[in-house]
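According to this note's numbering, the residues represented by the sequence shown are 2 to 312, in order.
Contents: one structure, followed by commentary.
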Amino acid sequence: MDKLRFWGNRRNFILQKIHFYGIWNKTVEIVANIILPVYFAITKNNPKYGLADRKKKPEVIVSLTSFPKRLATLHLVIETILRQTVKPDKVILYLTESQVPDVEKLPKKLLEQRKRGLEIVLCPDNIRSHTKYYYAFKNHPEATVITVDDDLFYRSDLIETHLRNALANPGCVVANWAKEIIPGKQKYTEWPDMDLHTPKKSRNMLILGVSSVLYPPHSVHEDVFDVDNIQKLSLTADDVWLSAMILKKGTPVYFSAYDYRHLAVHISNNETLISGNYIRNQQCIDAINNYYEGQEKERPFIDIPKRNIEK
């Protein structure tokens with residue numbers, strides 16, 4: 002289903018003008034959201050669609066978070082992780098206690114997935130989307146952590162591709178979608194999206210987590226755990242905060258050009274972070290730059306990329 006969608010900028014001009022791609026993509030999403038839930042329900046008891054009881058280290062952990070309006074459909078996202086060609090050692094769903102005071106009151110389909118390897122952890126801090134990585138990094142410091150979003154069907158080769166790219170590029174954060182930070186340009190809108198067909202390794206990238214990101218152990222700066230600064234500087238933009246921590250750590254990013262088309266799970270009355278995204282991201286970038294300029298005389302999104310180029 003994912004491969005049926007049209008994504009990227011290689012489109013026919015005439016078909017684009019008549020809105021063919023938008024109509025086609027919406028049709029594929031509707032069909033997928035009818036067929037896939039039925040298929041998942043019929044095949045969920047197949048032993049191969051779960052995690053083995055593995056104790057090996059270092060671990061590979063898939064980490065995600067969600068909020069009440071998306072919990073009814075979250076099991077569909079997790080199904081796509083449990084059905085990977087290469088399985089993680091853990092799939093951990095981190096939820097906030099203020100939003101989910103009782104795990105046992107979660108949707109039945111979600112709770113049933115615990116028998117197949119899903120772990121559900123309640124967390125005290127209200128750091129919104131940052132929850133998807135924060136506790137995985139903190140409680141599993143030697144693990145390779147792969148973050149995913151809570152509203153997409155992921156292709157079954159996602160983890161296999163991540164791990165293959167990580168093996169070929171040791172020590173790198175692996176991102177499936179990213180923007181290139183251009184030294185001398187300070188605006189988010191001035192940084193181009195990476196070419197979806199051209200892999201690249203660079204120290205000057207802003208990662209975009211919707212397509213999933215792999216973090217090797219100790220690949221982000223220790224300030225990543227500063228809850229006060231998360232809340233003050235970048236609460237609404239976890240990708241911006243994580244990118245700043247990658248820049249400060251000096252970790253290279255490998256942009257994989259993974260051919261993923263973002264097949265969405267249908268969520269009634271969904272809340273998204275898309276609206277006002279550019280403005281919000283720029284505000285967080287400016288706040289982070291201003292804070293670290295005052296503290297360390299080095300702005301993560303301005304001075305560090307410039308220094309990387311000079312090196």
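Don't be surprised by glycine CBs; every beta carbon is placed ideally from N, CA and C.
Cβ neighbour criterion (16 or more within 10 Å) applied to residue i
| i | result |
| --- | --- |
| V149 | buried |
| Y189 | buried |
| L65 | buried |
| G295 | exposed |
| P59 | exposed |
| G9 | exposed |
| T86 | exposed |
| R6 | buried |
Residues that residue i bridges to, as DSSP identifies them
| i | result |
| --- | --- |
| L264 | F154 |
| K91 | I62 |
| F68 | Partner(s): none; F68 has no beta bridge. |
| A176 | V214 and F256 |
| I121 | L94 |
| K202 | Y255 |
Backbone secondary structure at residue i - three-state DSSP
| i | result |
| --- | --- |
| E181 | strand |
| I275 | Unreliable placement is indicated for I275, whose pLDDT of 49 sits below 50; no coordinate value is reported for it. |
| I19 | coil |
| K110 | helix |
| E294 | helix |
| A238 | coil |
| D194 | strand |
| V211 | helix |
| L52 | coil |
| T28 | helix |
| V78 | helix |
| I147 | strand |
| M246 | helix |
| S99 | coil |
| K188 | coil |
| K1 | Absent from the model: residue 1. The displayed extent of the chain is 2 to 312, so no value can be given. |
| A167 | helix |
| D224 | helix |
| P142 | coil |
Close Cβ partners of residue i (< 7 angstroms) along its chain, the five nearest in sequence each way excluded
| i | result |
| --- | --- |
| S276 | Bear in mind that the predicted position of S276 carries a pLDDT of just 43, short of 50, making it too unreliable to give a figure here. |
| F68 | Q100 |
| Y261 | D3, R156, N177 and S212 |
| A265 | E30, D152 and L153 |
| R1 | Past the boundaries of the shown model lies residue 1; the chain is included only from 2 to 312, so the question cannot be answered. |
Cβ neighbours of residue i in the same chain (closer than 6 angstroms, five flanking residues each side left out)
| i | result |
| --- | --- |
| L215 | I147, H163, A167 and V175 |
| K133 | S64, L65, T66 and T148 |
| V225 | M246 |
| P108 | L72 and A73 |
| R204 | P253 and N309 |
Other residues of its chain near residue i: CB distance less than 8 angstroms, five sequence neighbours each side excluded
| i | result |
| --- | --- |
| G185 | K307 |
Does the contact criterion of 3 or more C-beta pairs under 8 angstroms hold for the region 284-297 versus the region 39-55?
no
| message | Quick check: the region 211-225 against the region 249-259, are at least 3 beta-carbon pairs closer than 8 angstroms? | response | yes
*asked:* Below 8 angstroms, how does it come out for the region 122-138 and the region 195-206: are there three or more Cβ pairs, yes or no?
replied: no
- Task: Tell me, please, whether the region 29-44 touches the region 75-86 by the rule of three or more beta-carbon pairs shorter than 8 angstroms.
- Result: Verdict: yes, contact present.
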